[in-house]
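Residue numbers (this note's numbering): 1 to 484.
Even glycine gets a Cβ: it sits at the ideal position worked out from N, Cα and C.
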Ligand SMILES: Nc1nc2c(ncn2[C@@H]2O[C@H](COP(=O)(O)OP(=O)(O)OP(=O)(O)O)[C@@H](O)[C@H]2O)c(=O)[nH]1
Ligand SMILES: [Mg+2]
């Protein structure tokens, strides 16, 4: 048989040789220093105890909170809340399909059929074969197996889609054919982080000698220690390769033929059965919980789009106001620009759209802080420089002293407005209202939005638009432009 030894086996082999060498040195030292042997054994014992203890701790630390009926009900209530907000704010939108899906949720955890996704991190690992074998093994009447795409696709979008599909199942049967790649491990961690129940199989084990199989399985168990307990990592052969069989005839003749060994999936079937019997309710609750969160996020995305459409014209209005004000009274110090430009009233108006209800006083303080934050981040200086360099290409308008400040004020207002929109969008609907601004998070948003908007094409367009809105600048003969 052609056996492919993989790297981990080699590394494992070296590890084992090293351990043996250490063990032998230890034994010889015990022989030489008889009086130390008791202490030595005690030390090793301590080491094992510590190792076990720390392994247990990591597992316990990673243990996920159990999803209870209460958690599921709260998640369903939150998705209904999102629907109510959406209906109130956009009564003309047809969201009947979402409402229907949410109203089905309370019964979802009484479902009879358990959905098992059969997946893995690569192609040709035996998904279809395993699905067929399991379907014909009649483990349980109520199991439905679904083969899903590989979890390690070339693009992040494809990976995300594959993960989402696997999260719609009640349990994921993940197939590996030896050691795991880093991306396979990452996908498993992502599923685990979403409370997905996992069973990991080492398929095609018939390609290895029995002692190698045990070794590879052990390696795999070790690798996924924080993701799945050992009993949920199982060696199988869904479709073992044919083997050559020799039959000796009575007349001394030898008859060679190829035979198809039976699939080795019994331990997997047993474990699957055990899990279904012991955890059925928990599996269904957890899937329902995930579905509720998905539906809530769908509703929230639509709501955010509706709100954004209403918020953008507001930001644009304050851009013009800031530009006109800075043009009429150009502030001498750049540092003052942002604080002057970001209007407290814009914050009040935006917060209203996102149901955050800031008072004007609160908003004024917050807008001052946002201005300071922009100065600290160096955005005011950078913006004015970029705006000035774009304006330079237009000799006529550049002569106007207030132009740089006016356009910069509009630009900074836009950055602040878009950042606030992003910030508000991420808050929980209904539950986060009336909270103070988290400046750390807002600062991150400001930097992100600023970077997105710093591309020269975007700034160019922005400057042209802003200049067009400043009537005094349209004509090169305007007194202001001429005198500046
Ligand atoms: N030796 C051996 N070969 C196997 C085993 N299981 C599956 N195969 C072979 O692996 C190949 C791929 O099997 P499939 O079940 O089609 O794999 P898949 O993951 O569904 O493939 P894609 O859907 O194309 O990604 C086939 O030639 C199978 O016969 C196994 O346990 N041992
Ligand atoms: Mg297939």
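Taking just the CA atoms, how far does residue j sit from residue i?
i: residue 195; j: residue 232; result: 15 Å
i: residue 485; j: residue 237; result: The question about residue 485 has no answer, for the chain in this structure spans 1 to 484.
i: residue 203; j: residue 217; result: 10 Å
i: residue 39; j: residue 222; result: For residue 39, the predicted model reports a pLDDT of 41, less than 50, meaning its position is unreliable; a value from the coordinates is still stated below. Using only the alpha carbons, I get a separation of about 30 Å.
i: residue 76; j: residue 106; result: 8 Å
i: residue 466; j: residue 381; result: 18 Å
i: residue 242; j: residue 211; result: 20 Å
i: residue 419; j: residue 322; result: 17 Å
i: residue 172; j: residue 413; result: 48 Å
i: residue 276; j: residue 150; result: 24 Å
i: residue 355; j: residue 114; result: 40 Å
i: residue 440; j: residue 447; result: 11 Å
i: residue 268; j: residue 234; result: 6 Å
i: residue 219; j: residue 314; result: 59 Å
i: residue 152; j: residue 375; result: 43 Å
Residues in its own chain within less than 7 Å of residue i by CB, not counting five upstream and five downstream?
i: residue 344; result: 360, 363, 364, 367
i: residue 127; result: 118, 119, 120, 147, 175
i: residue 188; result: 174, 198, 224, 227
i: residue 308; result: 421
Leaving out five residues on either side along the sequence, give the residues of the same chain with a beta carbon under 6 Å from the beta carbon of residue i.
i: residue 240; result: 206, 261
i: residue 133; result: 238, 263, 265
i: residue 445; result: 419, 422, 423
i: residue 407; result: 387, 463, 466
Throw me the rounded Cβ distance for the residue i and residue j pair, which I believe falls under 8 Å.
i: residue 116; j: residue 169; result: 6 Å
i: residue 453; j: residue 415; result: 6 Å
i: residue 292; j: residue 72; result: 7 Å
i: residue 82; j: residue 306; result: Contact doesn't hold; Cβ gap of about 12 Å is too wide.
i: residue 378; j: residue 342; result: Between residue 342 and residue 378 the Cβ distance is about 16 Å, and since that is not below 8 Å, they are no contact.
With a 10 Å radius around its C-beta and 16 neighbouring C-beta atoms as the bar for buried, classify residue i as buried or exposed.
i: residue 485; result: Because the chain spans 1 through 484 in this model, residue 485 falls outside it and cannot be assessed.
i: residue 304; result: buried
i: residue 468; result: exposed
i: residue 254; result: exposed
i: residue 299; result: buried
i: residue 278; result: exposed
i: residue 340; result: buried
i: residue 68; result: exposed
i: residue 79; result: buried
i: residue 290; result: buried
i: residue 288; result: buried
i: residue 296; result: buried
Which same chain residues, not among the five before or five after residue i, have their C-beta less than 8 Å away from its C-beta?
i: residue 405; result: 326, 327, 330, 331, 337, 384
i: residue 258; result: 242, 243, 244, 245
i: residue 230; result: 221
i: residue 284; result: 108, 109, 110, 111, 114, 170
i: residue 460; result: 390
What is the DSSP secondary structure of residue i, counted as helix, strand or coil?
i: residue 117; result: strand
i: residue 183; result: helix
i: residue 376; result: helix
i: residue 228; result: coil
i: residue 428; result: coil
i: residue 237; result: strand
i: residue 199; result: strand
i: residue 333; result: coil
i: residue 290; result: helix
i: residue 450; result: helix
i: residue 455; result: coil
i: residue 244; result: strand
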